[in-house]
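Asks: So in the working numbering, spot 350 of the sequence shown is number 841, and the numbers just go up one at a time.
By construction, the Cβ of each residue, glycine as well, lies at the ideal position given by its N, Cα and C atoms.
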Amino acid sequence: MSSDITPWRERALHDSTLWEDFNALCDFGGRLAGGGGDSLAVDWAVARLRDAMGSRGDVRRLEIPFPGWSLSRASLASEAHPDRRWRCMPLLRSASTGPQGLVAPVVDLGAGRPDDFSRMANQLGGAIALVEHEYPFSPDHVHRRRKYDAARAAGAAGFLIANPWPGGGLMSGSSGRAPDAPGIPAAYVDARTGSQLRELINAGAPDVRLTLVGEEERNATAGIAIAELRGGRDDWIVISAHIDGHPLAESALDNASGTAVAIAAARALAAHVGSDTASLRIALFNAEEWALAGSAHYLDSLSTEARSQIRLNINLDTVAGDETLTALTSGFPALEPFLRACAAQAGLDLGVWLPLMPNSDHANFAKQGIPALRLVAGFDRPQSRVRAILSGDDRRELAKPEELVQALALTGEIAERALRSSTESLRALADLGTLAGKHEGQERISSLNVGGPSAERPPLA
Ligand SMILES: [Zn+2]
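1. Beta carbon of threonine 809: closer than 7 Å to some heavy atom of ligand 1?
2. Lysine 929: buried (16+ other C-beta within 10 angstroms of its C-beta) or exposed?
3. So if DSSP puts glycine 924 in a beta bridge, which residue, or which two residues, is it bridged to?
4. How far does the beta strand (DSSP E) with glycine 842 in it extend, from its first residue to its last?
5. Between which two residues does the beta strand (DSSP E) carrying valine 810 extend?
6. Whole beta strand (DSSP E) runs in the stretch 789-873 with 3 or more residues, listed along the chain?
7. Do glycine 812 and leucine 845 count as a contact pair if the criterion is CB distance below 8 Å?
8. Quick one: Cα of serine 1023 to Cα of tyrosine 789, how far?
9. Please specify which runs of the alpha helix (DSSP H), each continuous and at least 4 residues long, are wholly inside the stretch 520-602, giving them in chain order.
10. Counting C-beta neighbours from all protein chains within 10 Å, is the total for tyrosine 679 16 or more, i.e. buried, or is it exposed?
11. Tell me whether aspartate 884 counts as near ligand 3, meaning its Cβ is closer than 7 Å to at least one heavy atom of that ligand.
12. Under 8 Å: do the stretch 615-623 and the stretch 860-868 share three or more Cβ pairs, one atom per stretch?
13. Distance, Cα to Cα, glycine 883 vs aspartate 767?
14. Exposed or buried, glycine 520, counting other C-beta atoms within 10 Å across all chains shown (16 or more means buried)?
15. Identify the continuous beta strand (DSSP E) that holds leucine 651 and give its terminal residues.
16. State the Cα-Cα distance for the pair glycine 723 and glycine 525, rounded to the nearest angstrom.
17. Taking only the alpha-carbon atoms, compute the straight-line gap between aspartate 518 and valine 633 and give it to the nearest angstrom.
18. Find the nearest neighbour of tyrosine 639 within the set Pro590, Leu621 and Lys891, judged by alpha-carbon distance.
19. Taking contact to mean 3 or more Cβ pairs, one atom from each stretch, closer than 8 Å, check whether the stretch 549-568 and the stretch 773-789 are in contact.
20. List the residues that DSSP assigns as beta-bridge partners of methionine 662.
21. Tell me whether tryptophan 727 sits in a helix, a strand or coil according to DSSP, three-state version.
22. From the DSSP output, in three-state form, read off alanine 774 for me.
23. If we count the other Cβ atoms within 10 Å of its Cβ and call it buried at 16 or more, is serine 748 buried or exposed?
24. Just to check my reading of the structure: cysteine 833 and glutamate 904 have Cβ atoms closer than 8 Å, yes? What is that Cβ distance to the nearest angstrom?
25. Would you say leucine 567 and valine 699 are within 8 Å of each other, going by their C-beta atoms?
26. With DSSP run on the structure shown, which of helix, strand or coil describes tyrosine 639?
27. Does any heavy atom of ligand 1 sit closer than 7 Å to the C-beta of glutamate 779?
28. Quick one: using the 10 Å Cβ neighbour count with 16 as the cut-off for buried, is asparagine 806 buried or exposed?
29. Answer yes or no: do histidine 737 and leucine 531 have a C-beta to C-beta separation smaller than 8 Å?
30. By Cβ distance, which residues of its chain are closer than 6 Å to methionine 848, with the 5 residues on each side in sequence left out?
31. Does the distance between the C-beta of serine 851 and the nearest non-hydrogen atom of ligand 1 fall short of 7 Å?
32. Does the beta carbon of aspartate 745 fall short of 7 Å from some heavy atom of ligand 1?
33. Please give me, in chain order, every unbroken run of the alpha helix (DSSP H) with length at least 4 that falls completely inside the stretch 678-750.
34. Quick check on the burial criterion: 16 or more other C-beta atoms within 10 angstroms. Buried or exposed for arginine 876?
35. Rounded to whole angstroms, what is the Cα-Cα separation between alanine 645 and leucine 701?
36. Look up glutamate 623 in the DSSP assignment and say whether it is helix, strand or coil.
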């Protein structure tokens, strides 16, 4: 055991490899699961984790199945003005149109909130619903997949979702459609295309031809990296991050940032795992962008006993892109005082948001009753650099070294405190007893979260 009492922030500042690792991950490109870059990145990460943990560590690459899918054709054009064509980015696992495409009128639903769908309900049958993407890390946003579900429920034949920010480019995201499940063709368009489609609707020429042809990849697998350092007992603290991303850019904020910090945490914490501490596991998941498939498979593959030994999941996803950090605590109220003490020790401000947000791998841990948090930058800051995630702008220039440093400092504090905690104290983190809003300002939070962390909520990655 190290007797080093240097504050975590000090240690994080001196890890020059953190920024190098972040850049190395960006060098692998967008790291779409199954795209090749993800696999190279996992091999690289396994080597980095072996360096970090030394001979005491057990570092493995595992292959997990995931519902692979690939796109062969995508196009979008006006029927009245066939020379007007636009680029579109099909949602992952979108349903296909026929080879001739789908010809239908576009109906403008504005942002695509529930009242927009109610207002336009009688016009959506057989039409293509046009909605806007929203900043995903805010209390009241409506996720792309909820809008897609609303369009399907209203009988729409297709779904287009536009980048809402002026000049904003194409984006990428999952449709959430399971293999062989029904669905409607769905794609992102850029901000300019969204405006031009609205102009055509207003000019009385709303018909477009949308062609999307994709294929199932039935035996697809993706690599994940699991690194373990055994302490004195089988209480496991799991730091996770997803290594995969989207093809449009470098998936830098989402999630080279979290992956680099997880690897740096392994390096920094190795000396703090000993016979008098709990055990440390680093899990670098894949296929997170495919409705959290990688972590779901990994957790399902563990024995009930092994799952029950996981005391805490610290999930790092998009930890740069803004100077603010928030812990999404998945409906586990006991995490808040624990995390506040860690943040105070690290000299950092930390936001805490209690309701479960099923927007990253922590949601799969929470579903198993494991106290789980996601650290995220820019919560409720829609003008922050974080809004570039999923787009062609998610490149390394958007991150600042000091943002990675503070995420590492906080992760180190949280993990070390957890590693040093007794089994009993760690078990208490799962306590739901204080759910009724005891803290100032938590009444609304609690009312949003009446179902608790175990309530069934589909993943919204
Ligand atoms: Zn992510």
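Replies: In short:
1. Counting from 1 along the sequence shown, the entry for residue 809 is found at position 318. Answer for threonine 809: yes, Cβ within range of ligand 1.
2. Here residue 929 is taken as the residue at index 438 of the sequence shown, counted from 1. Residue placement at lysine 929 is flagged as unreliable, the pLDDT there being 45, under the threshold of 50; a coordinate-derived value is accordingly withheld.
3. One-based indexing of the sequence shown puts residue 924 at position 433. According to DSSP, glycine 924 bridges with nothing at all.
4. For this step, residue 842 is matched to residue 351 along the sequence shown. Taken as a continuous stretch (DSSP letters only), the beta strand (DSSP E) holding glycine 842 covers 842-844.
5. Within the sequence shown, residue 810 is the residue found at index 319, counting from 1. Premise fails: valine 810 is in no beta strand (DSSP E) and is neither H nor E.
6. 801-807, 816-819, 842-844 and 863-868
7. One-based indexing of the sequence shown puts residue 845 at position 354. One-based indexing of the sequence shown puts residue 812 at position 321. No; because the gap between Cβ atoms is not below 8 Å, this pair is not in contact.
8. No statement about residue 1023 is possible, as the shown extent of the chain runs from 492 to 952 and does not include it.
9. Counting only runs of 4 or more, we get 528-544.
10. In the sequence shown, the residue the question calls residue 679 occupies position 188. It is buried - the Cβ of tyrosine 679 has at least 16 other Cβ atoms within 10 Å.
11. Within the structure as shown, ligand 3 is missing, the only ligands being ligand 1.
12. no
13. What you label residue 883 is simply residue 392 of the sequence shown in a count that begins at 1. What you label residue 767 is simply residue 276 of the sequence shown in a count that begins at 1. Going from the Cα of glycine 883 to the Cα of aspartate 767 covers about 47 Å.
14. Here the question's residue 520 lines up with position 29 in the sequence shown. Per the 10 Å Cβ criterion, buried.
15. Walking along the sequence shown from the start, residue 651 turns up at place 160. Leucine 651 -> beta strand (DSSP E) spans 649-653.
16. Position 232 of the sequence shown holds residue 723. Position 34 of the sequence shown holds residue 525. Those two C-alpha atoms are separated by around 37 Å.
17. Walking along the sequence shown from the start, residue 518 turns up at place 27. Walking along the sequence shown from the start, residue 633 turns up at place 142. Going from the Cα of aspartate 518 to the Cα of valine 633 covers about 32 Å.
18. Along the sequence shown, one-based indexing puts residue 639 at 148. Checking every option, the nearest Cα to that of tyrosine 639 belongs to Leu621.
19. yes
20. Translated into the one-based positions of the sequence shown, residue 662 becomes position 171. In DSSP, methionine 662 forms a bridge with Ser882.
21. Taking the first residue of the sequence shown as position 1, residue 727 is located at position 236. In this structure, tryptophan 727 counts as strand in the three-state DSSP scheme.
22. Here residue 774 is taken as the residue at index 283 of the sequence shown, counted from 1. In the structure shown, alanine 774 sits in a strand (DSSP, three-state: E or B).
23. Residue numbering aside, residue 748 sits at position 257 when the sequence shown is read from its first letter. Buried, because 16 or more other Cβ atoms sit within 10 Å of the Cβ of serine 748.
24. In the sequence shown, residue 833 corresponds to position 342, counting from 1. In the sequence shown, residue 904 corresponds to position 413, counting from 1. That belief holds up - the Cβ atoms of cysteine 833 and glutamate 904 are roughly 4 Å apart, short of 8 Å.
25. The residue labelled residue 567 in the question sits at position 76 within the sequence shown. The residue labelled residue 699 in the question sits at position 208 within the sequence shown. Yes, the pair counts as a contact, with Cβ atoms nearer than the cut-off.
26. Within the sequence shown, residue 639 is the residue found at index 148, counting from 1. In the structure shown, tyrosine 639 sits in a helix (DSSP, three-state: H, G or I).
27. Residue numbering aside, residue 779 sits at position 288 when the sequence shown is read from its first letter. Yes; taking the cut-off as 7 Å, the Cβ of glutamate 779 has a heavy atom of ligand 1 nearer than that.
28. Position 315 of the sequence shown, counting from 1, holds the residue named residue 806. Buried, since its Cβ has 16 or more Cβ neighbours within 10 Å.
29. What you label residue 737 is simply residue 246 of the sequence shown in a count that begins at 1. What you label residue 531 is simply residue 40 of the sequence shown in a count that begins at 1. Cβ atoms of histidine 737 and leucine 531: not closer than 8 Å.
30. As a working mapping, residue 848 is identified with position 357 in the sequence shown. These residues qualify, in order along the chain: Leu819.
31. As a first step, residue 851 must be located in the sequence shown, where it is residue number 360. True, at least one ligand heavy atom lies under 7 Å from that Cβ.
32. On the sequence shown, residue 745 is found 254 positions in, with the first residue counted as 1. Result yes, Cβ under 7 Å from ligand 1.
33. 682-693
34. Reading the sequence shown from its first residue, position 385 is the one you call residue 876. With at least 16 other beta carbons inside 10 angstroms of its own, arginine 876 counts as buried.
35. For the purposes of this step, residue 645 is identified with residue 154 of the sequence shown, where counting begins at 1. For the purposes of this step, residue 701 is identified with residue 210 of the sequence shown, where counting begins at 1. Take the alpha-carbon of alanine 645 and the one of leucine 701: they are about 19 Å apart.
36. By 1-based counting over the sequence shown, the position of residue 623 is 132. Looking at glutamate 623 - three-state DSSP - the assignment turns out to be strand.
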